[in-house]
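Down below is the structure, laid out as structure tokens.
Numbering (my numbering), first residue to last: 31 to 199.
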């Protein structure tokens with residue numbers, strides 16, 4: 031199971047994905063399995079919503095561009111696809127990615143509870159707002175954010191931390 035913890039502001043974007051039944055139980059699960067826990071928020075540019083999702087353990091960033099009423103029906107599929115693509119492009123072994131995706135067979139929506147992760151999402155948004163909007167903004171932003179260094183990962187890039195975690199998975 032994978033739990034996405036959006037901010038209150040971004041909750042409507044996740045209306046097509048089922049919510050967790052017990053918020054407290056979900057928090058415990060997220061603390062025990064941070065690799066399967068993500069925090070999310072969005073920002074708007076040119077009336078387009080850009081969704082930023084950050085992994086709790088590695089701070090790996092997923093960017094989904096132009097989320098609207100029509101596309102949010104397919105958001106779960108898009109999230110899985112982006113995670114798969116970023117892990118493949120990182121050079122992680124396909125069998126480890128497959129194992130991760132199998133363990134995360136169900137995506138549920140929780141409630142944002144880790145302020146430090148939410149602040150990193152906000153930092154990513156502040157940086158992203160400096161980028162000029164174009165069709166491949168999501169790829170450029172993911173590359174940029176995943177090569178930033180944060181103190182919460184002992185000054186290791188999120189992409190390198192992800193590779194390290196998947197070696198042990």
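A virtual CB, placed ideally from N, CA and C, is assigned to each residue, including glycine. Note that this is a predicted model, so its numbers are computed, not measured.
Roughly how many angstroms separate the alpha carbons of residue i and residue j, rounded to a whole number?
i: residue 66; j: residue 45; result: 20 angstroms
i: residue 160; j: residue 75; result: 10 angstroms
i: residue 73; j: residue 155; result: 7 angstroms
i: residue 199; j: residue 177; result: 22 angstroms
i: residue 133; j: residue 63; result: 11 angstroms
i: residue 166; j: residue 109; result: 16 angstroms
i: residue 187; j: residue 144; result: 20 angstroms
i: residue 120; j: residue 158; result: 21 angstroms
i: residue 96; j: residue 81; result: 8 angstroms
i: residue 36; j: residue 152; result: 12 angstroms
i: residue 182; j: residue 43; result: 28 angstroms
i: residue 56; j: residue 130; result: 18 angstroms
Please tell me whether residue i and residue j are closer than 8 angstroms, where the distance is taken between their beta carbons.
i: residue 69; j: residue 192; result: no
i: residue 34; j: residue 94; result: no
i: residue 71; j: residue 40; result: yes
i: residue 79; j: residue 61; result: no
i: residue 90; j: residue 189; result: yes
i: residue 116; j: residue 92; result: yes
i: residue 138; j: residue 48; result: yes
i: residue 122; j: residue 196; result: yes
i: residue 50; j: residue 140; result: yes
Pull up the CB-CB distance for residue i and residue j, whole angstroms please, since I reckon it's below 8 angstroms.
i: residue 136; j: residue 31; result: 5 angstroms
In the DSSP assignment, find the unbroken alpha helix (DSSP H) run with residue i in it and report its ends.
i: residue 46; result: Unbroken run through residue 46: none, as it is neither H nor E.
Just curious, the beta strand (DSSP E) that residue i is in, first and last residue?
i: residue 67; result: 67-75
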